[in-house]
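Novice: Taken in sequence, the protein lines are chains A and B. Sequential numbering of the first sequence, starting at 12, is according to this note's numbering. Sequential numbering of the second sequence, starting at 133, is according to this note's numbering. All C-beta atoms, glycine included, are put in the ideal place defined by N, C-alpha and C.
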Amino acid sequence: MGEHTVKAYGEALAELSNAVARMGGIVEQQVADAISGVVRRDTSLAQAVVAKDIRADDAHRDIEKRATRILALRQPLANDLREVIAAFKAAGELERVGDLAKSVSKRTLVLNQSDPIQITRSIERMGRIAQELLKDVLDAYTQRDVAKALAVWHRDEELDAYYTSLFRELLTYMMEDARTITPCAHLLFVAKNIERIGDHCTNVAEIVHYLITGEEIGRDRPKSDESTTPES
Amino acid sequence: MAEERAMHSLSMAAPTVTSAQTGALVDTATKVRARDVNVFYGDKQALHDISIDIPDRAVTAFIGPSGCGKTTFLRCINRMNDLIPGCRVKGSIEIEGADAYGKTVDPVVLRARVGMVFQKPNPFPKSIYENVAYGPRIHAMAKSKAELDVIVEQSLRRAGLWDEVKDRLNQTGTGLSGGQQQRLVIARAVAVNPDIILMDEPCSALDPIATAKIEELIDELRANYTIIIVTHSMAQAARVSQKTAFFHMGRLVETGATEEIFTNPRDTRTQDYITGRFG
Numbered sequence: 012m013g014e015h016t017v018k019a020y021g022e023a024l025a026e027l028s029n030a031v032a033r034m035g036g037i038v039e040q041q042v043a044d045a046i047s048g049v050v051r052r053d054t055s056l057a058q059a060v061v062a063k064d065i066r067a068d069d070a071h072r073d074i075e076k077r078a079t080r081i082l083a084l085r086q087p088l089a090n091d092l093r094e095v096i097a098a099f100k101a102a103g104e105l106e107r108v109g110d111l112a113k114s115v116s117k118r119t120l121v122l123n124q125s126d127p128i129q130i131t132r133s134i135e136r137m138g139r140i141a142q143e144l145l146k147d148v149l150d151a152y153t154q155r156d157v158a159k160a161l162a163v164w165h166r167d168e169e170l171d172a173y174y175t176s177l178f179r180e181l182l183t184y185m186m187e188d189a190r191t192i193t194p195c196a197h198l199l200f201v202a203k204n205i206e207r208i209g210d211h212c213t214n215v216a217e218i219v220h221y222l223i224t225g226e227e228i229g230r231d232r233p234k235s236d237e238s239t240t241p242e243s
Numbered sequence: 133m134a135e136e137r138a139m140h141s142l143s144m145a146a147p148t149v150t151s152a153q154t155g156a157l158v159d160t161a162t163k164v165r166a167r168d169v170n171v172f173y174g175d176k177q178a179l180h181d182i183s184i185d186i187p188d189r190a191v192t193a194f195i196g197p198s199g200c201g202k203t204t205f206l207r208c209i210n211r212m213n214d215l216i217p218g219c220r221v222k223g224s225i226e227i228e229g230a231d232a233y234g235k236t237v238d239p240v241v242l243r244a245r246v247g248m249v250f251q252k253p254n255p256f257p258k259s260i261y262e263n264v265a266y267g268p269r270i271h272a273m274a275k276s277k278a279e280l281d282v283i284v285e286q287s288l289r290r291a292g293l294w295d296e297v298k299d300r301l302n303q304t305g306t307g308l309s310g311g312q313q314q315r316l317v318i319a320r321a322v323a324v325n326p327d328i329i330l331m332d333e334p335c336s337a338l339d340p341i342a343t344a345k346i347e348e349l350i351d352e353l354r355a356n357y358t359i360i361i362v363t364h365s366m367a368q369a370a371r372v373s374q375k376t377a378f379f380h381m382g383r384l385v386e387t388g389a390t391e392e393i394f395t396n397p398r399d400t401r402t403q404d405y406i407t408g409r410f411g
């Protein structure tokens, strides 16, 4: 593709895309710290995640401002329009991922006040997959790699399946020992938050797919979260 | 047979356009059907194998860089190119199935059916009334002064100009503002009851408010007329048209539903042009 006749326009679009990649980096770090905080029962790390969430929020606002400015000044069309829309929407999704990391860390602070629960191994596994999904979808965005985006879109199923099994594990735990109900309930929310991070990665994958191809991704994504089906 | 198939692959099926009033999907018929149109100015070929279907009661926008042939093609539809010495048109253009270049076709009558609005408003140096009445009079459309008055008022109303000029119909048309002059010219085109209105960059000499008025007018007119507009403003093409055709170096590169062309064009040349990139 050629360069824009108006150089400043091309530069503004490139800067917008870079801003999204930067925000992705911030959020990736937040998720990584939130997961290790909960797994290693690291209170100071969890506190740091809560305190640093504002950085993701600032990055989000910066992207919205840039995107609005381009819309107002350049009236982008075709792939340029998709570029701006994608940045706008992806930043919103990443902001939510940052919020979820913060939520995980807030729960961690509470969890650290009671005895450790064995089940944190499963949380670690879920956390690892969520981090991989986030990394892959950000790579798909920066590299404009539609195959990678599709892979993330399909792989979220894995995370959903883990969540379902962890949900069952926690139920068993709570039934066996009522004293674990409080920490288990918090862990359940932690697991749900991680599962939601995967969902937002899926949304970003859809955005990347639209950005590159101009087409919506197919409708029926495989679902493996069965914790809401009866009898589970 | 193979040739026929090839021609079909070049053409576009009439698109579905959304009616602004009802929001319902309406299938539109083809009003103008062009096949393998080639135009030469002397030895120089200006258009190569243009095949396109123009839908009825919808706005079709022709876009493309200067010299791409969009205006040349527009002028083929009402045979304005006949007036240019050394200009030859080959291929077929049918309006409602009838050959526009048939031996029995009188270009003057054809041009009444296919009105044209130009880049610069070109009212006659006569009164506002006379500007609009001129066409109906030479085509003997009114039997009396009263009938002519009705046609003039209706046409000015359709062009959204009546309220602004009804008290000064005898003043000269050239005394109006640019935007008003352009609407006067549209009223003049509408007065002879055309089927098709061709507009060649109708807003390029107008300010944003006057432009908005013309665009609003185009949107109203499309309920009753087939409109083809040549424009250099991508935003305008996107706003006013339902179908868009992109011309480049005398060829028709891509046609499609306007929304599709401006969000997800198929051809990289289209993409580079509408996004303002070097080819």
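What does the alpha-carbon distance come out to for the pair B/T154 and A/A112?
Specialist: Low per-residue confidence applies at B/T154: pLDDT is 34, beneath 50, and the placement is therefore not dependable enough to give any value.
Novice: Starting from B/Y173, trace the beta strand (DSSP E) both ways and give me its first and last residue.
Specialist: Its beta strand (DSSP E) spans residues T162 to Y173.
Novice: For chain A, is any of its Cβ atoms less than 7 Å away from the one on B/T407?
Specialist: At least one chain A Cβ lies under 7 Å of B/T407.
Novice: At the level of alpha carbons, what is the spacing between B/D327 and B/D238?
Specialist: Answer to the nearest angstrom: the Cα atoms are 16 Å apart.
Novice: Taking contact to mean 3 or more Cβ pairs, one atom from each stretch, closer than 8 Å, check whether the region 320-336 of chain B and the region 387-394 of chain B are in contact.
Specialist: Touching, no, given that fewer than three Cβ pairs across the two stretches are closer than 8 Å.
Novice: Taking DSSP's pairing of strands, which residues face B/S191 in a bridge?
Specialist: In the sequence as presented, Ser is not what sits at residue 191 of chain B; that position holds Val. B/I359, per the DSSP bridge assignment.
Novice: Identify the residues that DSSP records as bridge partners of B/S198: which are they?
Specialist: Answer is none; B/S198 lacks a bridge partner.
Novice: So A/A160 packs on A/V219, CB below 8 Å; how close in whole Å?
Specialist: Yes, they are in contact, since the Cβ atoms of A/A160 and A/V219 sit about 4 Å apart, within 8 Å.
Novice: Under the DSSP definition of a beta bridge, which residues are partnered with B/S259?
Specialist: Beta-bridge pairing links B/S259 to B/T304.
Novice: Along chain A, in chain order, which residues have C-beta atoms closer than 7 Å to that of B/M366?
Specialist: Residues of chain A passing the Cβ test: L88.
Novice: Which residue from B/I359, B/V284, B/L206 and B/V282 puts its Cα closest to that of B/F379?
Specialist: That would be B/L206, whose Cα lies nearest to the Cα of B/F379.
Novice: Pull up the distance between the alpha-carbon of A/V215 and that of A/V163, whole angstroms please.
Specialist: When rounded, the distance between both Cα atoms is 9 Å.
Novice: Output the distance between the C-alpha atoms of A/G35 and A/Y174, rounded to the nearest integer angstrom.
Specialist: Spanning the two alpha carbons is a distance of roughly 24 Å.
Novice: Does any C-beta atom of chain A lie closer than 7 Å to the C-beta of B/P397?
Specialist: Yes, because at least one Cβ of chain A sits closer than 7 Å to the Cβ of B/P397.
Novice: Please confirm if A/T79 has its CB atom under 7 Å from at least one CB of chain B.
Specialist: It does not; no Cβ of chain B falls within 7 Å.
Novice: Just the chain A side, please: which residues come within less than 7 Å of B/F394 by C-beta, in chain order?
Specialist: Those within 7 Å of B/F394 in chain A are L88 and A89.
Novice: For A/T153, count neighbouring C-beta atoms within 10 Å of its own C-beta (all shown protein chains included) and say buried if the count is 16 or more, exposed if not.
Specialist: Label assigned to A/T153: exposed.
Novice: Any C-beta of chain B sitting closer than 7 Å to the C-beta of A/G229?
Specialist: For A/G229, the answer is no, since every Cβ of chain B falls outside 7 Å of its Cβ.
Novice: Quick one: does A/G138 have its CB under 7 Å from some CB of chain B?
Specialist: Chain B contact via Cβ: absent.
Novice: Give the interface partners of A/V17 over in chain B, defined as CB-CB distance under 7 Å, in chain order.
Specialist: In chain order: G408.
Novice: Rounded to whole angstroms, how far is the Cβ of B/T162 from the Cβ of B/D185, which I believe are closer than 8 Å?
Specialist: With 8 Å as the limit, B/T162 and B/D185 qualify as a contact, their Cβ atoms being about 4 Å apart.
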